[in-house]
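The numbering of the sequence shown is this note's numbering, which starts it at 1 and goes up by one.
Glycine included, C-beta positions come from ideal geometry on N, C-alpha and C.
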Amino acid sequence: MSSDPLLQHTDSYYAAAAPTLPAAAALAGRVSCDVCVVGGGIAGCSAALALAERGYRVVLLEAQRLGWGASGRSGGQVIFGTAVDQSELEGMLGADDARRIWDISLAGLALLKQRIERHRIDCDWVDGQMFAAIKPRQWLQLRAWQAELAQRYGYGSTRLIERAELRALLATERYLGAMHDSNGGHLHPLRYTLGLARAAALAGVEIHEHSRALGFTAAGGKVRVRTAAGAVECAQLVLAGNAWLGDTAPALQRKLMAIASYVIATEPLGEQRAQRLIANNAAVCDTNWILDYFRRSSDHRLLFGGRVNYSLLDMRAVAPATRRRMLGVFPQLAGVRIDYAWGCLLDITLSRAPHFGRLEPNVYFLQGFSGHGVALAGIAGQLAAEAIAGTAERFDVFARIPHRDFPGGMWLRRPALALAMLWYRLRDLL
Ligand SMILES: Cc1cc2nc3c(=O)[nH]c(=O)nc-3n(C[C@H](O)[C@H](O)[C@H](O)COP(=O)(O)OP(=O)(O)OC[C@H]3O[C@@H](n4cnc5c(N)ncnc54)[C@H](O)[C@@H]3O)c2cc1C
Numbered sequence: 001m002s003s004d005p006l007l008q009h010t011d012s013y014y015a016a017a018a019p020t021l022p023a024a025a026a027l028a029g030r031v032s033c034d035v036c037v038v039g040g041g042i043a044g045c046s047a048a049l050a051l052a053e054r055g056y057r058v059v060l061l062e063a064q065r066l067g068w069g070a071s072g073r074s075g076g077q078v079i080f081g082t083a084v085d086q087s088e089l090e091g092m093l094g095a096d097d098a099r100r101i102w103d104i105s106l107a108g109l110a111l112l113k114q115r116i117e118r119h120r121i122d123c124d125w126v127d128g129q130m131f132a133a134i135k136p137r138q139w140l141q142l143r144a145w146q147a148e149l150a151q152r153y154g155y156g157s158t159r160l161i162e163r164a165e166l167r168a169l170l171a172t173e174r175y176l177g178a179m180h181d182s183n184g185g186h187l188h189p190l191r192y193t194l195g196l197a198r199a200a201a202l203a204g205v206e207i208h209e210h211s212r213a214l215g216f217t218a219a220g221g222k223v224r225v226r227t228a229a230g231a232v233e234c235a236q237l238v239l240a241g242n243a244w245l246g247d248t249a250p251a252l253q254r255k256l257m258a259i260a261s262y263v264i265a266t267e268p269l270g271e272q273r274a275q276r277l278i279a280n281n282a283a284v285c286d287t288n289w290i291l292d293y294f295r296r297s298s299d300h301r302l303l304f305g306g307r308v309n310y311s312l313l314d315m316r317a318v319a320p321a322t323r324r325r326m327l328g329v330f331p332q333l334a335g336v337r338i339d340y341a342w343g344c345l346l347d348i349t350l351s352r353a354p355h356f357g358r359l360e361p362n363v364y365f366l367q368g369f370s371g372h373g374v375a376l377a378g379i380a381g382q383l384a385a386e387a388i389a390g391t392a393e394r395f396d397v398f399a400r401i402p403h404r405d406f407p408g409g410m411w412l413r414r415p416a417l418a419l420a421m422l423w424y425r426l427r428d429l430l
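Laid out in structure tokens, this is it:
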């Protein structure tokens, strides 16, 4: 193994609990294809797979390792919708398009489950996801949300759980109630992403790791993508580099802010103890803006995530703070060892709505999942493939979402976001 951390996966529980695969060869020299996909996360692997299934010749470039970014380090919670409420989407787009986005998000959940089955992806899928309320205000909001989903959107798989029942499911006093969705669930995100990549490779996608796309030029209906040691010449390009794309497509940076979130994994707790913590084995997140999220792993650890800031911090400083948050929920874990702690950047937009579109007629981008991409990034890749194949209706619903630049330009937006975060922290306290 290389000692350069950028050449390998981050030291996470997921990387330890996934097969160590030899790296695909870096791109050397010039290749041509129909579509080049930049980014080997869920969005990129999904786009590449869906394109190859349609018969396109596809080259996928990944700067580090497949699944190295958020897709391989996330909380693994598979959740309906997008990171913004349907009511906000209705305000941005009108009721019809908001409804279409809702339907596509559910198609995303179904696609994820179909692919796990069809491609036999061994990723510890478990049914069930819960939103938990800490404050009376949040419990009222959850109740209203559940009613809206059932009545307005006909979504029948959620149910409210009152405090007494919840206390039997979650071994904590912290929550007043929850909304459980039997259609959602959780999985091992790195194994899922690697499974998509394997399916893409089997479908004919040419994959190159350690091959950062440095930039591209589009002219005369052709696109040329440069790497340090080669170039891809293609008819279409899909940019799926998320928070890491940077200078490869500077025009996309203004719409994104990269923030970091952190996860810890306890030592294995034993089946019974883990079961006592979360009796129904659902993935759980609270409804704060700066939220805690947690779930059990297949080897009976607690995986607990939360805490955000604007740059990846040294894990030696972050792990104790994340552990303190975990103990705020499960104080009975005070004596438990933390085996892994890791963080990752994720890409948020100002409104937290996803940001898809075209930089040129033949240059597509998928980004801005705003912490809500495990299911959505998969269907996003599928939508890009559909659009390239000539059926752009579903892609264009997302492309119609209006997005504003982050205020403050490249230099002042971090202080601006720091202030915004402070505001959200205060709001979570109320
Ligand atoms: C800690 C954490 C917890 C999360 N928890 C959840 C959750 O529980 N549920 C949920 O729905 N969402 C969650 N998310 C969000 C979710 O993980 C992301 O929305 C999703 O994985 C985004 O997938 P992606 O393919 O767009 O990006 P990524 O997985 O980040 O992939 C982008 C890839 O592109 C590569 N790349 C970038 N630029 C270039 C370039 N120029 N050339 C070549 N390659 C390039 C990067 O190396 C990277 O591998 C979480 C995110 C984080 C960070």
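> For the beta strand (DSSP E) that arginine 296 lies in, which residues bound it at each end?
Replying inline: Numbered from 1 along the sequence shown, position 296 holds the residue referred to as residue 296. From DSSP, the beta strand (DSSP E) with arginine 296 extends over 293 to 296.
>> By the three-class DSSP mapping on this structure, what secondary structure does phenylalanine 406 have?
In response: In the sequence shown, counting from the first residue as 1, residue 406 sits at position 406. Phenylalanine 406 falls in the coil class under three-state DSSP.
> Closer than 6 Å: is that where the CB of asparagine 242 sits relative to any heavy atom of ligand 1?
Replying inline: As a working note, residue 242 is residue 242 in the sequence shown. Indeed, a heavy atom of ligand 1 lies less than 6 Å from the Cβ.
> Does the distance from the C-beta atom of arginine 404 to that of leucine 350 stay below 7 Å?
Replying inline: Start at 1 with the first residue of the sequence shown, and residue 404 comes out as number 404. Start at 1 with the first residue of the sequence shown, and residue 350 comes out as number 350. Result yes, Cβ atoms of arginine 404 and leucine 350 sit closer than 7 Å.
>> Our contact map puts leucine 170 next to isoleucine 278 with C-beta atoms below 8 Å; I'd like the distance itself, whole angstroms only.
In response: Numbered from 1 along the sequence shown, position 170 holds the residue referred to as residue 170. Numbered from 1 along the sequence shown, position 278 holds the residue referred to as residue 278. Yes, leucine 170 and isoleucine 278 are in contact; Cβ-Cβ is about 6 Å, under 8 Å.
> Over what stretch of residues does the alpha helix (DSSP H) that includes glutamine 332 continue unbroken?
Replying inline: To locate residue 332, count along the sequence shown from 1; it is residue 332. It is not in any alpha helix (DSSP H) - glutamine 332 carries neither H nor E in the DSSP assignment.
> If you count every other CB in all the chains shown that lies within 10 Å of the CB of alanine 292, and 16 or more means buried, which is it?
Replying inline: As a working mapping, residue 292 is identified with position 292 in the sequence shown. Before going on, a small fix: residue 292 reads as aspartate here, not alanine. Buried is the call here.
> What separation, rounded to the nearest whole angstrom, lies between the Cα atoms of glutamate 271 and serine 297?
Replying inline: Translated into the one-based positions of the sequence shown, residue 271 becomes position 271. Translated into the one-based positions of the sequence shown, residue 297 becomes position 297. Going by the C-alpha atoms only, they are around 10 Å apart.
> Could you give the distance in angstroms between the alpha-carbon of arginine 295 and the alpha-carbon of histidine 210?
Replying inline: Taking the sequence shown and counting its residues from 1, the one referred to as residue 295 is at position 295. Taking the sequence shown and counting its residues from 1, the one referred to as residue 210 is at position 210. Using only the alpha carbons, I get a separation of about 32 Å.
>> Along the chain, where does the alpha helix (DSSP H) containing cysteine 33 start, and where does it finish?
In response: By one-based count along the sequence shown, residue 33 stands at place 33. Per DSSP, cysteine 33 belongs to no alpha helix (DSSP H); it is in the beta strand (DSSP E), 29 to 38.
>> So, for histidine 300: in the same chain, excluding its five sequence neighbours on each side, which residues have a beta-carbon less than 7 Å away from its beta-carbon?
In response: For the purposes of this step, residue 300 is identified with residue 300 of the sequence shown, where counting begins at 1. Excluding positions up to five away in sequence, the list reads Pro268, Leu269, Gly270, Glu271 and Ala274.
>> My assumption, with CB atoms under 8 Å, is that leucine 345 sits in contact with alanine 243. Please give the rounded CB distance.
In response: As a first step, residue 345 must be located in the sequence shown, where it is residue number 345. As a first step, residue 243 must be located in the sequence shown, where it is residue number 243. Yes, leucine 345 and alanine 243 are in contact; Cβ-Cβ is about 4 Å, under 8 Å.
>> Within a Cβ cutoff of 7 Å, which residues of the same chain sit near alanine 25, ignoring the five residues on either side of it in sequence?
In response: Taking the sequence shown and counting its residues from 1, one reaches residue 25 at position 25. Closer than 7 Å at the Cβ level, and outside the excluded window around alanine 25, lie His208.
> Heavy atom of ligand 1 less than 6 Å from the Cβ of serine 105, yes or no?
Replying inline: Here the question's residue 105 lines up with position 105 in the sequence shown. No - ligand 1 has no heavy atom lying nearer than 6 Å to the Cβ of serine 105.
> CB of arginine 298 to nearest heavy atom of ligand 1: below 6 Å?
Replying inline: Looking up residue 298 in the sequence shown gives position 298. First, the amino acid is wrong: residue 298 is serine here, not arginine. Not under cutoff, so the answer is no.
> Which same chain residues, not among the five before or five after serine 157, have their C-beta less than 6 Å away from its C-beta?
Replying inline: Translated into positions along the sequence shown, residue 157 becomes position 157. Excluding sequence neighbours, serine 157 sits near Asp181, Ser182 and Asn183.
>> Quick check on alanine 50: buried or exposed, where buried means 16 or more other Cβ atoms within 10 Å of its Cβ?
In response: Counted from its first residue, the sequence shown places residue 50 at position 50. Classification for alanine 50: buried.
> Can you check whether the CB of alanine 235 is closer than 7 Å to the CB of valine 225?
Replying inline: Here residue 225 is taken as the residue at index 225 of the sequence shown, counted from 1. Here residue 235 is taken as the residue at index 235 of the sequence shown, counted from 1. The answer is no: Cβ separation not under 7 Å.
> With a Cβ-Cβ cutoff of 7 Å, do valine 126 and glycine 185 count as a contact?
Replying inline: What you label residue 126 is simply residue 126 of the sequence shown in a count that begins at 1. What you label residue 185 is simply residue 185 of the sequence shown in a count that begins at 1. Cβ atoms of valine 126 and glycine 185: closer than 7 Å.
>> So, with DSSP's three-state summary, where would you put alanine 110?
In response: In the sequence shown, the residue the question calls residue 110 occupies position 110. If DSSP states are grouped into helix, strand and coil, alanine 110 belongs with the helices.
> Mind checking glutamine 332: buried by the 16 CB within 10 Å criterion, or exposed?
Replying inline: On the sequence shown, residue 332 is found 332 positions in, with the first residue counted as 1. Glutamine 332 is exposed by the Cβ-count criterion.
> So is the beta-carbon of glutamate 62 under 6 Å away from any non-hydrogen atom of ligand 1?
Replying inline: As a first step, residue 62 is located in the sequence shown; it is residue number 62 there, counting from the start. Correct: glutamate 62 has its Cβ closer than 6 Å to ligand 1.
> Excluding five sequence neighbours on each side, which residues of the same chain lie with their C-beta closer than 6 Å to the C-beta of glycine 76?
Replying inline: Position 76 of the sequence shown holds residue 76. Hits under 6 Å: His186, Leu187 and Pro189.
> Do three or more CB pairs link the stretch 83 to 100 to the stretch 51 to 70 at distances below 8 Å?
Replying inline: no
> What residues are listed by DSSP as bridge partners for lysine 222?
Replying inline: Here the question's residue 222 lines up with position 222 in the sequence shown. Ala219, per the DSSP bridge assignment.
>> So for valine 126, helix, strand or coil by DSSP?
In response: Counting from one through the sequence shown, the residue named residue 126 turns up at place 126. Three-state DSSP puts valine 126 in a strand.
> Do you know how far the Cα of glycine 44 is from the Cα of isoleucine 379?
Replying inline: Taking the sequence shown and counting its residues from 1, one reaches residue 379 at position 379. Taking the sequence shown and counting its residues from 1, one reaches residue 44 at position 44. The alpha-carbon atoms of isoleucine 379 and glycine 44 are separated by roughly 11 Å.
>> Distance check for alanine 18 and alanine 107, CA to CA, integer angstroms please.
In response: Looking up residue 107 in the sequence shown gives position 107. Looking up residue 18 in the sequence shown gives position 18. C-alpha separation (whole angstroms): 27 Å.
>> Would you say the beta carbon of serine 71 is closer than 6 Å to some non-hydrogen atom of ligand 1?
In response: Taking the first residue of the sequence shown as 1, we reach residue 71 at position 71. Within the cutoff, so yes.
> Would you call the CB atoms of tryptophan 342 and arginine 120 closer than 7 Å?
Replying inline: As a working mapping, residue 342 is identified with position 342 in the sequence shown. As a working mapping, residue 120 is identified with position 120 in the sequence shown. No, the pair does not count as a contact, with Cβ atoms beyond the cut-off.
> To the nearest angstrom, how far is it from the Cα of leucine 176 to the Cα of aspartate 97?
Replying inline: By one-based count along the sequence shown, residue 176 stands at place 176. By one-based count along the sequence shown, residue 97 stands at place 97. The straight-line gap from Cα to Cα measures roughly 34 Å.
> Just reading off the beta strand (DSSP E) that isoleucine 278 is part of, what are its end residues?
Replying inline: Your numbering for residue 278 matches position 278 in the sequence shown. From DSSP, isoleucine 278 is part of no beta strand (DSSP E); its letter is neither H nor E.
>> Considering only their Cβ atoms, is the gap separating leucine 160 from methionine 179 smaller than 7 Å?
In response: As a working mapping, residue 179 is identified with position 179 in the sequence shown. As a working mapping, residue 160 is identified with position 160 in the sequence shown. It is a contact, given that the beta carbons lie within the stated cut-off.
> With DSSP run on the structure shown, which of helix, strand or coil describes tyrosine 153?
Replying inline: Indexing the sequence shown from 1 puts residue 153 at position 153. In the structure shown, tyrosine 153 sits in coil (DSSP, three-state: anything other than H, G, I, E or B).
> If we ignore side chains and look at the alpha-carbon of each, how far apart do glycine 195 and arginine 100 end up?
Replying inline: One-based indexing of the sequence shown puts residue 195 at position 195. One-based indexing of the sequence shown puts residue 100 at position 100. One C-alpha to the other measures close to 28 Å.
> So is glycine 246 buried or exposed if we call it buried at 16+ other beta carbons inside 10 Å?
Replying inline: Residue numbering aside, residue 246 sits at position 246 when the sequence shown is read from its first letter. Label assigned to glycine 246: exposed.
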